[in-house]
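**Student:**
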Amino acid sequence: MAIHPIEYRYGNPEMKQIWSEENRFRAVIRAEVALARAESENGMIPKAAADEIAAKAEAASLARAKEIEAEISHDMMAIIKALSEVCGDSGRWVHYGATSNDILDTATGLQLKESLAIFEERLGKLLAVLLKRADETKTLVCAGRTHGQIGVPTTYGLRFAIWASEVSRHITRLHELTPRVAVGQMSGAVGTQAALGPKGIAVQALMMEYLGLSPVDVSNQVISRDRYAEYFMFLANLATTLDKIGIEIRSLQRTEIGEVEEAFGEKQVGSSTMPHKRNPIKSEQVCGLARIVRAAVIPALENNTLWDERDLTNSSPERILFPEATILADHILRLMTDVLENLYLNREQIRRNLDLLHGINMAESVMIELTKRGMGRQSAHELIRTSSMEALAENRALASVLTDKPEISGYLNDREIAGLLDPETYTGTAVMQVERLIQKLSPLCS
């Protein structure tokens, strides 16, 4: 019986598989095999035993481990017994010198490494989509908004480029955190490696080499959870970028604005009672699930505050946090990539909104030019401010108000005023910024 929506509604198969119970079991088995190999290479267990453990490991089953766990109430020991059973006499060497979290935390490192590889690929694709949309719209002038009010013009290309720049920083963060997060350990009961003797450090290093993980420098019985907290904060930061994009799309898709629209299927239904509705449901889903991903940060931080060399309070929340936050973050990353790739831009409505204030949104342009021609900047600001308020109050075009003012006609003629109020001429270096960013970030795309 499915309970959690991840089981039947959210998530992508690749990431779900990584955090499945079966893959978790196999990661634990891989860690045990690597430990046996490393110990045999260091003369601590017979090579024949390590070879047999490696050869028979695939025969160990999750089903058998669960049967044993039902009897002994210890999940890790149940896996050890299930593996030992299929290894014959060599089974007595399984888990030699290790404690539970040596294997469990190392298995988590394997899962995190796989997950981060998927995130890297997905982020590369999102970046490619954003750069493509930025290039397509680098000259598409639109109304910029601050405080929800129309300001001076910007371009859609610059909007997409700003999001692309943010995504590129997540790629950089991913590269930086991977060696800190994808780690394993073989430290023993309280971190001293006493059960392994003087070869403990060498065994740990070789075991992690076999697994493709970095070994911790030092640890107690568990890997310090500041590493995992960093991973969850990365997911939360990424989810917040997607939330930010989703909010902007939802805002721009409002009926009153109508500049963009999520792709809408031919038979798609927007409302059970209002047949006309075309709702931004994918962006809304992204924004909603981002809240769940962010919610993982606090318990992840609290998991680092364990008693002495360890307690068990981190274990139960991590069983939920890792799969839930990872699968949902991956889900909304892929979903937002699809939204952006197929996002429809209503160019006619974009232009209507740009002209909505009849030139008042271009007041800065006139103020700057008056200052260049000799009027004091503060005087120019006050003159254009009062002129703008007059135009709003009388529902007139700003050009009409400005051409009636002798204080302005001494500096600018009607043709020059009209030119300054053309939004197409007031986007500064927006196109150059977009082109420069595309050139810089294109190598990061997948």
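Here this note's numbering runs 1120 ahead of the position in the sequence shown, where the first position is 1.
Backbone N, C-alpha and C define an ideal beta-carbon position, used for all residues, glycine too.
Which value, in whole angstroms, describes the spacing of the CA atoms of residue 1557 and residue 1283?
**Tutor:** 11 Å
**Student:** Given this structure, state the Cα-to-Cα distance separating residue 1311 from residue 1133, to the nearest angstrom.
**Tutor:** Rounded to the nearest angstrom, the two C-alpha atoms are 37 Å apart.
**Student:** Determine, using beta carbons only, whether residue 1170 and residue 1156 come nearer to each other than 8 Å.
**Tutor:** Going by C-beta atoms, residue 1170 is nearer than 8 Å to residue 1156.
**Student:** Taking the alpha-carbon positions, what's the residue 1391 to residue 1407 distance?
**Tutor:** For residue 1391, the predicted model reports a pLDDT of 47, less than 50, meaning its position is unreliable; a value from the coordinates is still stated below. Whole-angstrom Cα-Cα distance: 19 Å.
**Student:** Have a look at 1472, 1341, 1243 and 1241 and flag the residue whose alpha-carbon is nearest the alpha-carbon of residue 1218.
**Tutor:** 1341
**Student:** Which value, in whole angstroms, describes the spacing of the CA atoms of residue 1305 and residue 1414?
**Tutor:** Cα-Cα distance, rounded: 28 Å.
**Student:** Could you spell out where the alpha helix (DSSP H) holding residue 1469 opens and where it closes?
**Tutor:** 1467-1474
**Student:** Specify, as a first and last residue, the run of the alpha helix (DSSP H) that residue 1238 falls within.
**Tutor:** 1220-1256
**Student:** Please work out which residues of its chain come closer than 7 Å, Cβ to Cβ, to residue 1149, disregarding the five sequence neighbours upstream and downstream, and give them in chain order.
**Tutor:** Closer than 7 Å at Cβ, skipping near neighbours: 1177, 1180 and 1203.
**Student:** Is the stretch 1425-1432 close to the stretch 1330-1346, with three or more CB pairs under 8 Å?
**Tutor:** yes
**Student:** Please report the distance separating the alpha-carbon of residue 1265 from that of residue 1545.
**Tutor:** 18 Å
**Student:** Select from 1564, 1551 and 1563 the residue whose C-alpha is nearest the C-alpha of residue 1273.
**Tutor:** 1551
**Student:** Among 1146, 1246 and 1526, which one has its Cα closest to the Cα of residue 1461?
**Tutor:** 1246
**Student:** What residue from 1288, 1221 and 1258 has the CA that sits closest to residue 1554's CA?
**Tutor:** 1258
**Student:** For the beta strand (DSSP E) holding residue 1565, just list the boundary residues, first then last.
**Tutor:** It is not in any beta strand (DSSP E) - residue 1565 carries neither H nor E in the DSSP assignment.
**Student:** Three or more beta-carbon pairs under 8 Å between the stretch 1528-1535 and the stretch 1488-1496, yes or no?
**Tutor:** The stretch 1528-1535, when compared against the stretch 1488-1496, does touch it at the 8 Å Cβ threshold.
**Student:** What is the C-beta distance between residue 1410 and residue 1352, in whole angstroms, given that I count them as a contact (C-beta under 8 Å)?
**Tutor:** The pair is not a contact, with the Cβ atoms about 13 Å apart (cut-off 8 Å).
**Student:** Can the beta-carbon of residue 1287 be found closer than 8 Å to that of residue 1360?
**Tutor:** In this structure, residue 1287 sits away from residue 1360, with a CB-CB distance that is not shorter than 8 Å.
**Student:** Can you tell me whether residue 1561 is buried or exposed? The criterion is at least 16 other CB atoms within 10 Å of its CB, across all chains shown.
**Tutor:** buried
**Student:** For residue 1248 and residue 1565, which I take to be in contact (beta-carbon distance under 8 Å), what is that distance rounded to the nearest angstrom?
**Tutor:** 4 Å
**Student:** Am I right that residue 1481 and residue 1263 are in contact with their C-beta atoms under 8 Å? What's the rounded C-beta distance?
**Tutor:** 7 Å
**Student:** Return the CA-CA distance between residue 1222 and residue 1398, expressed in angstroms with no decimal places.
**Tutor:** 52 Å
**Student:** Drop a sphere of 10 angstroms on the beta-carbon of residue 1476, count the other beta-carbons inside from all chains shown, and report buried for 16 or more, exposed for fewer.
**Tutor:** exposed
**Student:** Considering only residues of the same chain and omitting the five flanking positions on each side of residue 1293, which have a CB-CB separation below 8 Å?
**Tutor:** Around residue 1293, the same chain offers 1354 and 1357 as residues with beta carbons nearer than 8 Å, after the five sequence neighbours per side are excluded.
**Student:** Would you give the residue range spanned by the beta strand (DSSP E) that residue 1273 belongs to?
**Tutor:** Element bounds for residue 1273: 1269-1275.
**Student:** Leaving aside the five residues before and after residue 1333 along the sequence, list all residues of the same chain whose C-beta is less than 8 Å from its C-beta, in chain order.
**Tutor:** The residues 1226, 1229, 1230, 1233, 1302, 1303 and 1304, in chain order, have a CB closer than 8 Å to that of residue 1333 in the same chain once the five nearest residues on each side in sequence are set aside.
**Student:** Going by C-alpha to C-alpha distance, which of 1447, 1445, 1420 and 1444 sits closest to residue 1434?
**Tutor:** 1420
**Student:** With a CB to CB cut of under 6 Å and the five nearest residues on each side skipped, what residues in its chain are close to residue 1402?
**Tutor:** 1382, 1455 and 1459
**Student:** Measure the C-alpha to C-alpha separation of residue 1432 and residue 1412 and round it to an integer number of angstroms.
**Tutor:** 24 Å
**Student:** My parser needs the alpha helix (DSSP H) runs of 4 or more residues fully inside the stretch 1146-1211; what are they?
**Tutor:** 1167-1176, 1182-1192 and 1195-1206
**Student:** State buried or exposed for residue 1542, treating a residue as buried only when at least 16 other CB atoms are found within 10 Å of its CB.
**Tutor:** exposed
**Student:** So what's residue 1464 in DSSP terms, helix, strand or just coil?
**Tutor:** strand
**Student:** Figure out for me which residue from 1277, 1500, 1525 and 1473 has the closest Cα to the Cα of residue 1269.
**Tutor:** 1473
**Student:** Quick one: what does DSSP say residue 1342 is sitting in, helix, strand or coil?
**Tutor:** coil
**Student:** Along the chain, where does the beta strand (DSSP E) containing residue 1549 start, and where does it finish?
**Tutor:** Element bounds for residue 1549: n/a, residue is neither H nor E.
**Student:** Using three-state DSSP, classify residue 1567 as helix, strand or coil.
**Tutor:** Lying before the first or after the last residue shown, residue 1567 is absent from the chain, which here runs from 1121 to 1566.
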